[in-house]
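Student: Mind looking over this structure? Questions follow.
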Ligand SMILES: [Zn+2]
Ligand SMILES: [Zn+2]
Ligand SMILES: [Zn+2]
């Protein structure tokens, strides 16, 4: 372990990625270098001019069917969940509901939430075993970035949000006509998807926000195929070979809104350590990343190792 002030031999930056939220994702050549920089982040930021903020990269999970009695904003709520599940102190640092409270149906008892862990080991335990939240056992999966939909023009995967949209008019997410979605009066059975209509797909009976929309599913499929982190159900940890298992090996697959019992059964089938194969796993040549001042979910990196598969997702450090 390199001491503070002494960089590990050969440590260097190998790239920087500018994120949509304005942040920068720094890539270093190995984990030791990233650990050293993390330990000396105060000095690094001072030398960067003192105006840059370092943001810890969280392991974000979607937890399904969480009782709505859980209040993620209540003081001490995260500590209670941590205590009930015997998580390391401070491992759970963030929780929020996915949908705004005002969009809940009357009498709704459960909802999906995003939980952020600072400790990948704790997040992986939650993937394997679920979590007790407000006396209910809930299960979840790793949050993977999905194609964005512009709430103004409704385009999916166009790389912009409503605030940056250059369209001269608003398109309705419910009927595809040129008006604000909130003013739409069509009934659910009369919905028309603007994206599917433009793509000559089956566009009646669903809106642009529908997760079962063929156009969205196509974009999602494309996005997941390019996401180097998607083949792995767990947050990769260089020191924990059981986290290297792939969806294929574990019987897992990323299925949005998959039923909890099905995923639970799949995840229980094989969670033991896997033999190291190839030269990338546990080789000590893994990449390392540090996120500076941005809120976007950072993407994965790709490193090619001679004689090894090209895939090299990020690892939590
Ligand atoms: Zn737009
Ligand atoms: Zn409309
Ligand atoms: Zn559609």
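Numbering (UniProt numbering), first residue to last: 1 to 317.
Heads up, the beta-carbon is just placed ideally off N, CA and C, and yes, glycines get one too.
Since the model is a prediction, treat every value here as computed from it, not as a measurement.
Please report the distance separating the alpha-carbon of residue 76 from that of residue 19.
Tutor: Position 76 of the chain shown, counted from the first residue, corresponds to residue 76. Position 19 of the chain shown, counted from the first residue, corresponds to residue 19. Residue 76 and residue 19: Cα-Cα distance of roughly 32 Å.
Student: With a cut-off of 8 Å on the beta carbons, I'd call residue 321 and residue 68 a contact; round off their distance for me.
Tutor: Nothing in the structure corresponds to residue 321, since the chain is present only between 1 and 317.
Student: Determine the closest residue to residue 193 out of 185, 172, 182 and 180, with distance taken between C-alpha atoms.
Tutor: Along the chain shown, one-based indexing puts residue 193 at 193. The option with the nearest alpha carbon to residue 193 is 172.
Student: By the three-class DSSP mapping on this structure, what secondary structure does residue 105 have?
Tutor: Translated into the one-based positions of the chain shown, residue 105 becomes position 105. Coil at residue 105, not helix or strand.
Student: What is the rounded straight-line gap between the Cα of residue 154 and the Cα of residue 83?
Tutor: The residue given as residue 154 occupies position 154 in the chain shown. The residue given as residue 83 occupies position 83 in the chain shown. Looking at the two C-alpha atoms, the distance is approximately 42 Å.
Student: May I ask you to list the residues that DSSP assigns as paired with residue 95?
Tutor: Translated into positions along the chain shown, residue 95 becomes position 95. According to DSSP, which records beta bridges pairwise, residue 95 is partnered with 115.
Student: Does DSSP classify residue 127 as helix, strand or coil?
Tutor: Mapped onto the chain shown, residue 127 falls at position 127. Helix at residue 127.
Student: Ligand 1 heavy atoms versus the CB of residue 112: any closer than 8 Å?
Tutor: On the chain shown, residue 112 is found 112 positions in, with the first residue counted as 1. Checking the Cβ of residue 112 against ligand 1 gives no.
Student: Measuring alpha carbon to alpha carbon, tell me which of 225, 147, 135 and 71 ends up nearest residue 114.
Tutor: Along the chain shown, read from residue 1 onward, the residue named residue 114 stands at position 114. Checked all of 225, 147, 135 and 71; the closest Cα to residue 114 is 71.
Student: Going by C-alpha to C-alpha distance, which of 79, 174 and 144 sits closest to residue 191?
Tutor: The residue labelled residue 191 in the question sits at position 191 within the chain shown. Of 79, 174 and 144, the residue nearest in Cα terms is 174.
Student: With DSSP collapsed to three states, give me the class of residue 206.
Tutor: Walking along the chain shown from the start, residue 206 turns up at place 206. Residue 206 falls in the coil class under three-state DSSP.
Student: Taking 8 Å as the threshold, find out whether the region 202 to 213 comes into contact with the region 234 to 247 through three or more Cβ pairs.
Tutor: Cβ pair count under 8 Å is below three, so no.
Student: To the nearest whole angstrom, what separates the beta carbons of residue 118 and residue 81, a pair I think is in contact under 8 Å?
Tutor: Your numbering for residue 118 matches position 118 in the chain shown. Your numbering for residue 81 matches position 81 in the chain shown. Incorrect: roughly 14 Å between the Cβ atoms, too far for contact.
Student: Let's test the definition: count the other Cβ atoms within 10 Å of the Cβ of residue 330 and tell me whether it reaches 16, buried, or not, exposed.
Tutor: Since the displayed the chain opens at 1 and closes at 317, residue 330 lies outside it and no answer follows.
Student: Residue 188 to residue 147, Cα distance in whole Å?
Tutor: Numbered from its first residue, the chain shown carries residue 188 at position 188. Numbered from its first residue, the chain shown carries residue 147 at position 147. About 24 Å.
Student: I'd like the list of long-range same chain contacts for residue 16, defined as Cβ closer than 8 Å, with 5 residues on each side in sequence excluded.
Tutor: The sequence position of residue 16 within the chain shown is 16, counting from 1. Excluding residues within five positions, the ones whose Cβ falls inside 8 Å are 24, 25, 26 and 27.
Student: Ignoring anything shorter than 3 residues or poking outside the region 145 to 194, list the beta strand (DSSP E) runs there in chain order.
Tutor: Complete beta strand (DSSP E) runs here, min 3: none at all.
Student: Output the distance between the C-alpha atoms of residue 245 and residue 228, rounded to the nearest integer angstrom.
Tutor: In the chain shown, counting from the first residue as 1, residue 245 sits at position 245. In the chain shown, counting from the first residue as 1, residue 228 sits at position 228. In a straight line, the C-alpha of residue 245 is about 14 Å away from that of residue 228.
Student: With distance defined between alpha-carbon atoms, name the residue in 144, 45, 159 and 111 nearest to residue 331.
Tutor: In the structure displayed, the chain extends from 1 to 317; residue 331 sits before or after that span and is not available.
Student: By how many angstroms is the C-alpha of residue 142 removed from the C-alpha of residue 200?
Tutor: Numbered from its first residue, the chain shown carries residue 200 at position 200. Numbered from its first residue, the chain shown carries residue 142 at position 142. Going by the C-alpha atoms only, they are around 33 Å apart.
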